[in-house]
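These protein sequence lines are chains A and B, in that order. Note that UniProt numbering gives residue 2 to position 2 of the first sequence, counting from 1, and the numbers run on in steps of one. Note that UniProt numbering gives residue 175 to position 175 of the second sequence, counting from 1, and the numbers run on in steps of one. See structure below.
2 protein chains.
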Amino acid sequence: MAGRVRIQDVAAAAGVSVATVSNALNRPERVNAGTAARIQRIARELDYVPHHGAVDLRHGRRSAIALVIPDVTNSFYARITRGAADAAYGHGFSLVLCDSNDDAERERDFFTMLADQRAAGAVVVPRGADRQRLDGLRRRGIPLVLTDRAVPVQEGCSVAVDDVAGGRLAVEHLLAGGARRILVVNGDRAIRQCADRWQGARQAVREHRGAAVRQVSVPQMDVACGAAAVRELAELPDAVFCTNDFLAVGVVQALLARGVRVPGDITVAGFGDLDVATVSAVPLTTVRQPVEELGRAGVGLLLDEVEAVDDHTHEARQFPPRLVVRESAPRQEVLV
Amino acid sequence: MAGRVRIQDVAAAAGVSVATVSNALNRPERVNAGTAARIQRIARELDYVPHHGAVDLRHGRRSAIALVIPDVTNSFYARITRGAADAAYGHGFSLVLCDSNDDAERERDFFTMLADQRAAGAVVVPRGADRQRLDGLRRRGIPLVLTDRAVPVQEGCSVAVDDVAGGRLAVEHLLAGGARRILVVNGDRAIRQCADRWQGARQAVREHRGAAVRQVSVPQMDVACGAAAVRELAELPDAVFCTNDFLAVGVVQALLARGVRVPGDITVAGFGDLDVATVSAVPLTTVRQPVEELGRAGVGLLLDEVEAVDDHTHEARQFPPRLVVRESAPRQEVLV
DNA sequence: CAGTGCGTCTTAAACGTTTTAGAAAGCCGT
DNA sequence: ACGGCTTTCTAAAACGTTTAAGACGCACTG
Numbered sequence: 001m002a003g004r005v006r007i008q009d010v011a012a013a014a015g016v017s018v019a020t021v022s023n024a025l026n027r028p029e030r031v032n033a034g035t036a037a038r039i040q041r042i043a044r045e046l047d048y049v050p051h052h053g054a055v056d057l058r059h060g061r062r063s064a065i066a067l068v069i070p071d072v073t074n075s076f077y078a079r080i081t082r083g084a085a086d087a088a089y090g091h092g093f094s095l096v097l098c099d100s101n102d103d104a105e106r107e108r109d110f111f112t113m114l115a116d117q118r119a120a121g122a123v124v125v126p127r128g129a130d131r132q133r134l135d136g137l138r139r140r141g142i143p144l145v146l147t148d149r150a151v152p153v154q155e156g157c158s159v160a161v162d163d164v165a166g167g168r169l170a171v172e173h174l175l176a177g178g179a180r181r182i183l184v185v186n187g188d189r190a191i192r193q194c195a196d197r198w199q200g201a202r203q204a205v206r207e208h209r210g211a212a213v214r215q216v217s218v219p220q221m222d223v224a225c226g227a228a229a230v231r232e233l234a235e236l237p238d239a240v241f242c243t244n245d246f247l248a249v250g251v252v253q254a255l256l257a258r259g260v261r262v263p264g265d266i267t268v269a270g271f272g273d274l275d276v277a278t279v280s281a282v283p284l285t286t287v288r289q290p291v292e293e294l295g296r297a298g299v300g301l302l303l304d305e306v307e308a309v310d311d312h313t314h315e316a317r318q319f320p321p322r323l324v325v326r327e328s329a330p331r332q333e334v335l336v
Numbered sequence: 001m002a003g004r005v006r007i008q009d010v011a012a013a014a015g016v017s018v019a020t021v022s023n024a025l026n027r028p029e030r031v032n033a034g035t036a037a038r039i040q041r042i043a044r045e046l047d048y049v050p051h052h053g054a055v056d057l058r059h060g061r062r063s064a065i066a067l068v069i070p071d072v073t074n075s076f077y078a079r080i081t082r083g084a085a086d087a088a089y090g091h092g093f094s095l096v097l098c099d100s101n102d103d104a105e106r107e108r109d110f111f112t113m114l115a116d117q118r119a120a121g122a123v124v125v126p127r128g129a130d131r132q133r134l135d136g137l138r139r140r141g142i143p144l145v146l147t148d149r150a151v152p153v154q155e156g157c158s159v160a161v162d163d164v165a166g167g168r169l170a171v172e173h174l175l176a177g178g179a180r181r182i183l184v185v186n187g188d189r190a191i192r193q194c195a196d197r198w199q200g201a202r203q204a205v206r207e208h209r210g211a212a213v214r215q216v217s218v219p220q221m222d223v224a225c226g227a228a229a230v231r232e233l234a235e236l237p238d239a240v241f242c243t244n245d246f247l248a249v250g251v252v253q254a255l256l257a258r259g260v261r262v263p264g265d266i267t268v269a270g271f272g273d274l275d276v277a278t279v280s281a282v283p284l285t286t287v288r289q290p291v292e293e294l295g296r297a298g299v300g301l302l303l304d305e306v307e308a309v310d311d312h313t314h315e316a317r318q319f320p321p322r323l324v325v326r327e328s329a330p331r332q333e334v335l336v
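Written out as structure tokens, the structure is:
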């Protein structure tokens with residue numbers, strides 16, 4: 001009684017042709033009601049499940065989509081993955097995960113895997129993907145949705161978080177708390193996200209008379225670098241905006257170590273709302289990005305393009321982040 | 001020049017039959033060297049990539065495996081995923097990610113997706129999966145490797161971390177540091193991992209004359225509960241072993257808040273080596289589990305069963321954790 | 001009673017491959 | 001000149017489905 005049961009087995013058991021079985025299961029109205037019921041019963045009894053690959057092949061359709069990311073272990077990508085998985089499940093697609101392990105060559109391999117029609121399309125958070133390769137896939141009829149990278153909208157859909165708004169949000173909050181001299185602890189400004197968050201910070205400051213901002217850039221966005229950035233700072237600001245929560249945790253630790261009270265003397269805001277934000281000695285006020293939403297929307301746009309290939313118009317969707325207020329920079333109750 | 005190029009197109013362009021193209025690409029020795037070269041060149045020029053689904057169908061083979069997990073967002077599962085992805089890539093398989101979002105019904109859906117031959121097998125970290133359903137899949141010829149759950153080895157392969165050894169490791173370290181009265185802050189003892197880690201702790205203590213251990217159980221394994229567990233403790237121990245890093249972070253915070261020095265007065269060890277371990281006010285000494293290895297080995301065993309279906313013997317593989325010494329419980333330099 | 005139409009089922013083609021069996025052609029030795 | 005062998009290619013079946021087209025019987029109509 002073992003082994004896979006094919007549509008043929010059902011047909012044999014019911015004493016009809018395979019076509020009739022197929023019809024009974026997919027379009028019962030074309031089959032005598034009694035027969036249809038009988039076939040359905042038999043199929044259920046035999047525990048028949050259609051071979052999905054064959055169905056797809058027949059239909060010239062593909063019911064899997066791919067998600068290409070640099071590293072699931074990074075919670076940002078994990079959250080994208082989670083959102084994408086949700087959406088894929090919701091649409092009845094299966095999701096093949098392509099984790100490039102931050103390796104450009106592996107990423108390339110995944111792209112040729114896409115070309116072999118395994119997937120109907122892909123949501124990609126690019127690592128090294130060059131435009132040429134992406135175009136190659138598109139020409140093959142494999143839609144791509146890019147994430148977290150600026151893309152000319154005529155080339156395809158994209159989704160991203162509005163990092164400028166995020167930086168602005170954080171700094172506006174610090175200013176509203178009474179801070180005037182703001183320090184921004186940033187990562188490599190060549191990274192778009194870093195540049196954008198800094199730009200948002202500047203916008204906020206520019207609109208606030210009497211406020212001043214300055215920036216210090218560190219090589220790695222981790223706790224140690226955050227701590228280093230303020231450990232030997234000659235002149236302390238009123239508030240610090242870190243473009244990443246790890247940096248913020250380091251900053252808070254270093255400030256406390258210097259005997260500076262947070263938020264008493266200096267307020268601190270982070271970015272990302274990572275796990276560490278709540279675990280920090282002083283729970284971090286930070287900017288929460290709708291990352292799951294990024295994944296979900298990416299898959300949504302992709303499937304829209306896949307299914308409504310006729311009248312699909314590309315779209316560059318941007319999501320607003322929101323502020324999560326915790327202790328490191330509390331809601332202002334400062335009555336001046 | 002757009003659209004998918006099929007093997008037929010290559011055949012037409014080369015003026016040969018599709019069979020010859022297939023041979024030229026897959027078994028060139030059966031084809032005249034010159035022709036083979038010409039066909040390969042043409043295939044390359046046309047950018048031909050075989051339709052993987054069709055190939056699989058023809059071969060009665062499947063080149064995808066599934067990974068069923070409760071939630072990628074949880075770093076434990078993310079690390080399993082990463083290991084599984086690595087191994088799948090290494091073997092030329094694609095990995096379809098089934099994130100059940102901690103939902104038993106969704107998990108069931110994924111299992112019927114498996115039955116439809118989309119995947120050659122699955123590595124599953126079960127949430128609610130009952131034995132009956134798993135057996136159903138196995139009877140269909142879909143091999144399953146279970147993770148992180150004790151399974152009778154005759155039913156299939158499994159991989160797990162040796163949690164008993166982990167608990168033992170941590171507590172032995174605390175004892176070696178000079179501690180005698182050990183407190184274990186544990187989660188729900190109905191959870192296998194919690195029970196095992198506690199058992200390991202007890203073993204270590206039992207083998208150490210003069211040592212005593214006691215346990216307190218908290219409802220959630222998070223920072224708040226960890227803090228609560230020691231905040232109002234009447235009698236402080238020499239050392240605390242927390243069966244999870246979040247608990248440990250909470251414990252450290254609460255101890256520091258009480259004016260207890262860590263590791264000066266009390267040493268603390270955690271479990272998991274999560275991100276938070278390094279970020280904690282006092283970097284945590286903790287037990288690192290080879291989680292990626294779990295995923296990698298899971299896929300390895302699965303593919304062994306898939307490919308060498310003849311002489312595969314089931315295996316329950318267990319991985320030893322190792323201790324990561326940081327500041328909360330430093331290497332003993334205590335010269336008694 | 002021939003013709004028409006309907007309801008029900010089946011035959012066969014198709015999806016894009018691989019592979020088996022065999023055909024065509026060239027060469028060899030007798 | 002012929003049978004047999006080798007080399008090189010092709011036709012066709014197969015994988016498990018779906019579906020367009022057609023066959024068969026039956027009731028109805030004129």
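Ideal Cβ placement from N, Cα and C applies to all residues, glycine included. Note that the coordinates shown come from a computational prediction; the quantities given were computed from them, not determined experimentally.
Query                                                                                                                                                 : Result
List, in chain order, every chain B residue whose beta-carbon is nearer than 7 Å to that of residue 275 of chain A.                                   : 275, 276
Residue 289 of chain B and residue 263 of chain B: beta carbons closer than 8 Å?                                                                      : no
Of the choices A:235, A:106, A:68, whose alpha-carbon is the least far from that of residue 90 of chain B?                                            : A:106
Taking Cβ-Cβ distances shorter than 7 Å, what residues in chain A pair up with residue 95 of chain B?                                                 : 96, 97
Pick out the complete beta strand (DSSP E) segments inside the segment 230-315 of chain A, 3 residues or longer, and give them in chain order.        : 239-242, 267-271, 285-288
Distance cutoff 8 Å, beta carbons only. Does residue 244 of chain A sit that close to anything in chain B?                                            : no
Output yes or no for whether 8 Å exceeds the beta carbon distance between residue 291 of chain A and residue 87 of chain A.                           : no
When you compare the CB positions of residue 160 of chain A and residue 127 of chain A, do they come within less than 8 Å of one another, or not?     : no
Residue 42 of chain A and residue 121 of chain A - do their beta-carbons sit closer together than 8 Å?                                                : no
Take residue 96 of chain B as the anchor and find which of B:214, B:81, B:217 has the nearest alpha-carbon.                                           : B:81
If you run the structure through DSSP and keep just helix, strand and coil, what is residue 336 of chain A?                                           : Summary for residue 336 of chain A: the model assigns pLDDT 46, below 50, so the residue's position carries little reliability; its value from the coordinates is reported in the next sentence. It is coil, neither helix nor strand.
For a quick check, are the C-beta atoms of residue 84 of chain A and residue 295 of chain A less than 8 Å apart?                                      : yes
According to DSSP, residue 147 of chain A sits in a beta bridge with which residue or residues?                                                       : A:159
Please name the residue, chosen from A:207, A:15, A:251, A:276, that lies closest to residue 268 of chain A on a Cα-to-Cα basis.                      : A:251
From which residue to which residue does the beta strand (DSSP E) around residue 7 of chain A run?                                                    : Counting along the chain, residue 7 of chain A falls outside any beta strand (DSSP E), though it belongs to the alpha helix (DSSP H) covering 7-14.
Can you check whether the CB of residue 274 of chain A is closer than 8 Å to the CB of residue 143 of chain A?                                        : no
How is the beta strand (DSSP E) around residue 322 of chain B delimited, first residue to last?                                                       : 322-324
Could you list which residues in chain B have their beta carbon closer than 7 Å to that of residue 57 of chain A, in chain order?                     : 53, 54, 57
What is the residue span of the alpha helix (DSSP H) that residue 21 of chain B lies within?                                                          : 18-26
Hey, how far is the Cα of residue 236 of chain A from the Cα of residue 286 of chain A?                                                               : 20 Å
For a quick check, are the C-beta atoms of residue 193 of chain B and residue 163 of chain B less than 8 Å apart?                                     : yes
Chain A beta carbons: is any one of them nearer than 8 Å to that of residue 86 of chain B?                                                            : yes
In the segment 152-163 of chain B, which residues sit with their C-beta less than 7 Å from some C-beta in chain A, listed in chain order?             : none
By the 10 Å Cβ neighbour count, where 16 or more other Cβ atoms means buried, how is residue 335 of chain B classified, buried or exposed?            : With a pLDDT of 46 at residue 335 of chain B, under the threshold of 50, the modelled position of that residue is not reliable, and no figure is offered here.
Helix, strand or coil: which one does DSSP assign to residue 215 of chain B?                                                                          : strand
Within 8 Å (strictly less), CB to CB, does residue 26 of chain B reach chain A?                                                                       : no
For the segment 44-60 of chain A against the segment 69-78 of chain A, are there 3 or more C-beta pairs whose distance is under 8 Å?                  : no
Taking only beta carbons into account, state which residues of the segment 108-132 of chain A come closer than 7 Å to chain B, listed in chain order. : 112, 113, 115, 116, 117, 118
Put residue 164 of chain A into one of helix, strand or coil per three-state DSSP.                                                                    : helix
Are the beta-carbon atoms belonging to residue 183 of chain A and residue 214 of chain A less than 8 Å from one another?                              : yes
Considering only the beta carbon of each residue, do residue 24 of chain A and residue 39 of chain A sit closer than 8 Å?                             : yes
Closer than 8 Å, CB to CB, is residue 220 of chain A near chain B or not?                                                                             : no
Report buried or exposed for residue 17 of chain B, applying the criterion of at least 16 other Cβ atoms within 10 angstroms of its Cβ.               : exposed
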